[in-house]
Amino acid sequence: MKSLIPILLMIFFVSLNVFSVEGFSKDEVIGISQETNLNINEDISEANNVILSEKEEGVRIDKEIANELGDTEEVEESLANKYLLNGIAMPEKNQIRKGNIYYLKGAEDLQLENNYFDIPVVYNIRVRKWINYYNKKGRKIFELHIERAGRYAPLIGSILEGNGLPRDLIFLAMAESGFNNLAKSSASAVGPWQFMPATGKMYGLKQDWYVDERKDPVKATVAAANYLAKLYNDFGSWKIAMAAYNAGEGKIGRAIKKYNTTDLWDISKRKYLKSETKNYVPKIMALAIIGKNLKFFGFHDIDFRAPLDFDEISVAAGTDLIKLSEKLNVNLEDVQKLNPELLRWFTPLDVSSYKLRLPPKMSEELKKCCMRKDLIASDFQVFEVKRSQVRISQVARKYRIKDTSVIAQLNKVSGKHIFKRGDKVLLPFRKNHQVISSSNFYSDLFYKSKKKRSFSSRKIHIVKRGESLQSVAVRYKLSIKKLLAVNSSLRNTGKLLVGRKLVVR
Numbered sequence: 136m137k138s139l140i141p142i143l144l145m146i147f148f149v150s151l152n153v154f155s156v157e158g159f160s161k162d163e164v165i166g167i168s169q170e171t172n173l174n175i176n177e178d179i180s181e182a183n184n185v186i187l188s189e190k191e192e193g194v195r196i197d198k199e200i201a202n203e204l205g206d207t208e209e210v211e212e213s214l215a216n217k218y219l220l221n222g223i224a225m226p227e228k229n230q231i232r233k234g235n236i237y238y239l240k241g242a243e244d245l246q247l248e249n250n251y252f253d254i255p256v257v258y259n260i261r262v263r264k265w266i267n268y269y270n271k272k273g274r275k276i277f278e279l280h281i282e283r284a285g286r287y288a289p290l291i292g293s294i295l296e297g298n299g300l301p302r303d304l305i306f307l308a309m310a311e312s313g314f315n316n317l318a319k320s321s322a323s324a325v326g327p328w329q330f331m332p333a334t335g336k337m338y339g340l341k342q343d344w345y346v347d348e349r350k351d352p353v354k355a356t357v358a359a360a361n362y363l364a365k366l367y368n369d370f371g372s373w374k375i376a377m378a379a380y381n382a383g384e385g386k387i388g389r390a391i392k393k394y395n396t397t398d399l400w401d402i403s404k405r406k407y408l409k410s411e412t413k414n415y416v417p418k419i420m421a422l423a424i425i426g427k428n429l430k431f432f433g434f435h436d437i438d439f440r441a442p443l444d445f446d447e448i449s450v451a452a453g454t455d456l457i458k459l460s461e462k463l464n465v466n467l468e469d470v471q472k473l474n475p476e477l478l479r480w481f482t483p484l485d486v487s488s489y490k491l492r493l494p495p496k497m498s499e500e501l502k503k504c505c506m507r508k509d510l511i512a513s514d515f516q517v518f519e520v521k522r523s524q525v526r527i528s529q530v531a532r533k534y535r536i537k538d539t540s541v542i543a544q545l546n547k548v549s550g551k552h553i554f555k556r557g558d559k560v561l562l563p564f565r566k567n568h569q570v571i572s573s574s575n576f577y578s579d580l581f582y583k584s585k586k587k588r589s590f591s592s593r594k595i596h597i598v599k600r601g602e603s604l605q606s607v608a609v610r611y612k613l614s615i616k617k618l619l620a621v622n623s624s625l626r627n628t629g630k631l632l633v634g635r636k637l638v639v640r
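Using our numbering, you'd call the opening residue of the sequence shown number 136 and step up by one each time.
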């Protein structure tokens with residue numbers, strides 16, 4: 136089935152002079168390079184560095200700003216202030232007001248080409264610091280992300296607009312991941328919209344052994360549109376809704392209740408929110424201001440990537456992507472790039488068919504050459520049972536497969552089946568593949584989430600006879616000043632007694 140994407144792209148380019156709104160000129164649209172060689176590992180390591188450096192910048196900015204001038208969001212903010220209920224701002228009508236246009240406040244002296252947005256944007260000290268960051272230290276980061284915008288912004292903008300949301304929320308996705316479908320945070324947020332596992336499932340994004348739809352730019356954008364609409368309907372303010380997208384609606388609701396205000400700038404002066412959240416909305420606003428005024432900020436020669444385009448066709452469960460790519464004479468990486476949600480080398484076994492995206496015109500080629508050919512995966516690795524009996528759960532655990540149904544489906548047995556000596560068990564790994572962490576198909580099997588450090592992990596030292604502050608400090612590689620700082624009772628009494636407990640970490 137032919138995709139609707141070309142139609143969406145046409146609408147994106149011609150309606151409402153949209154590229155002047157998005158920060159791209161019509162000449163730039165015509166000059167977009169027609170790239171075809173796609174790399175599934177594209178910029179993933181660089182994306183991780185970007186996340187780290189931007190977090191560090193956020194902490195620095197937060198420390199620099201002690202007091203900043205706030206602002207009000209005209210109708211939107213005053214509406215939210217009227218309806219504080221249990222810490223959550225509830226508007227009278229839980230509906231997104233379509234078609235609103237906001238003039239950029241605070242930047243009149245800049246004489247920008249474009250001062251209009253469909254979300255409220257201001258130019259204050261926090262936003263200005265992020266603009267300075269992307270103009271200097273973060274310039275290469277911005278260029279990388281805006282180049283990717285050429286590929287994904289038309290699609291994302293059309294989906295947002297089609298769901299009744301402001302198109303400028305594109306810049307929220309840019310702040311989240313830089314339009315990198317494979318981006319993954321240390322907290323296990325994944326994809327272009329950085330959905331956490333639970334939130335992704337709540338908004339219909341399937342996550343199992345075969346797929347992670349948080350990586351799908353189409354499905355993830357639909358989910359993000361629904362989530363953002365819910366947040367706006369809860370709070371009545373796009374500024375607060377965007378902050379809630381980062382910190383969670385519960386956290387923002389408690390902040391509103393704690394300080395009795397929905398003014399994000401006022402809340403950001405307090406200690407309750409993390410630096411990341413305090414800088415989140417200013418970062419989005421900075422990206423929007425620069426993105427809509429590229430030439431003003433010196434971004435003249437952006438090599439925009441070709442807009443995403445594909446055909447879509449239903450293929451059988453268990454279709455071997457490697458065989459399919461070889462028959463069509465297309466790069467496997469191209470197929471993977473168009474289907475980033477697929478984690479394996481074959482389509483899921485637990486569905487009757489799967490809608491696979493292929494490069495333009497390839498669906499017709501597939502119908503001509505291959506629909507009657509056997510493209511079902513068959514080159515599986517085999518495990519021979521050496522013991523008297525082995526449970527499916529034991530096989531799954533041995534090969535890092537959390538979902539035992541994968542082994543059961545592949546071998547067409549029940550989930551409680553017990554294999555006996557001599558049985559040959561099919562494994563969901565290809566014969567010529569190494570199951571290692573660097574493999575695109577199996578890297579997630581080796582991923583370990585970083586657990587937050589517990590406050591209960593502090594180390595205690597019990598003072599013994601003959602010890603002094605100096606000897607204790609030397610033993611634990613601390614300064615006496617630090618030792619006194621973390622032991623207030625010692626600082627008050629000034630005495631080091633045998634049996635006293637000292638915190639040394």
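Glycine included, C-beta positions come from ideal geometry on N, C-alpha and C.
C-beta contact flag for residue i and residue j at 7 Å
i	j	result
Glu476	Val262	no
Ala378	Thr412	yes
Val598	Val633	yes
Ile527	Ala543	yes
Trp480	Arg535	no
Val194	Met420	no
Val486	Ala452	yes
Lys350	Asn395	no
Leu443	Leu290	yes
Residue of the options minimising C-alpha distance to residue i
i	options	result
Val425	Lys413, Tyr251 and Val609	Reading off the sequence, residue 425 comes out as Ile, not Val. When each option's Cα is compared against that of Ile425, the closest is Tyr251.
Ile595	Leu637, Leu618, Lys418 and Leu604	Leu637
Ser188	Leu491, Asp485 and Lys272	Lys272
His552	Phe518, Gly193 and Val525	Val525
Gly557	Asp343, Phe518, Gln329 and Leu239	Phe518
Arg492	Leu467, Glu192, Phe277 and Gly433	Leu467
Tyr407	Asp253, Leu478 and Gly385	Gly385
Leu593	Val621, Ile571 and Lys319	It should be pointed out that residue 593 corresponds to Arg in this sequence rather than to Leu. Comparing Cα-Cα distances from Arg593 to each of Val621, Ile571 and Lys319, the minimum goes to Val621.
Val560	Val520, Asp538, Ile200 and Ser549	Val520
Ala284	Asp509, Gly601, Ile437 and Lys462	Ile437
Gly299	Asn235, Lys319, Arg274 and Trp265	Asn235
Leu463	Lys502, Asn474 and Phe434	Lys502
Distance, residue j Cα to residue i Cα
i	j	result
Leu399	Lys374	7 Å
Glu177	Ser460	Below a pLDDT of 50, predicted positions are generally treated as unreliable, and Glu177, at 47, falls in that range; the measurement from the model is reported next regardless. Going by the C-alpha atoms only, they are around 19 Å apart.
Lys354	Met309	17 Å
Pro563	Tyr582	18 Å
Gln605	Ile196	37 Å
Ser372	Lys616	47 Å
Lys458	Tyr238	54 Å
Ile448	Asp244	53 Å
Ile387	Asp343	30 Å
Gly689	Lys537	Only positions 136 to 640 of the chain appear in this structure, which leaves residue 689 out of reach.
Tyr380	Leu619	41 Å
Ser523	Lys555	5 Å
Ile276	Lys547	48 Å
Ala333	Gln246	44 Å
Tyr338	Leu625	53 Å
Val541	Gln329	26 Å
Asp579	Val570	11 Å
Ala441	Arg286	5 Å
Cys504	Lys430	48 Å
Whole-Å CB distance - residue i paired with residue j, under 8 Å assumed
i	j	result
Pro495	Phe445	6 Å
Glu348	Pro327	Wrong, their Cβ atoms sit about 11 Å apart, outside the cutoff.
Leu304	Leu363	6 Å
Arg302	Gly313	With 8 Å as the limit, Arg302 and Gly313 do not qualify as a contact, their Cβ atoms being about 18 Å apart.
Phe439	Glu282	6 Å
Met331	Ser321	That belief does not hold up - the Cβ atoms of Met331 and Ser321 are roughly 12 Å apart, past 8 Å.
Leu340	Ala360	Contact doesn't hold; Cβ gap of about 12 Å is too wide.
Val530	Tyr489	Val530 to Tyr489, Cβ: 25 Å. No contact.
Leu631	Ser603	7 Å
Beta-ladder partner(s) of residue i, from DSSP
i	result
His596	Leu637
Leu561	Val517
Lys526	A quick correction: the sequence has Arg, not Lys, at residue 526. DSSP lists Ile553 as partners of Arg526.
Ala451	Ser488
Phe252	Tyr237
Val346	Leu477
Asp303	Paired residues: none, contrary to the question.
Asp446	Leu493
Val570	Per DSSP, none; premise fails for Val570.
Val194	In DSSP, Val194 forms no bridge with anything.
Val257	Lys240
Ile387	Per DSSP, none; premise fails for Ile387.
Val325	Lys319 and Phe330
7 Å Cβ cutoff, residue i in contact with chain B
i	result
Ser523	Note that chain B does not occur in the displayed structure, where there is just one protein chain.
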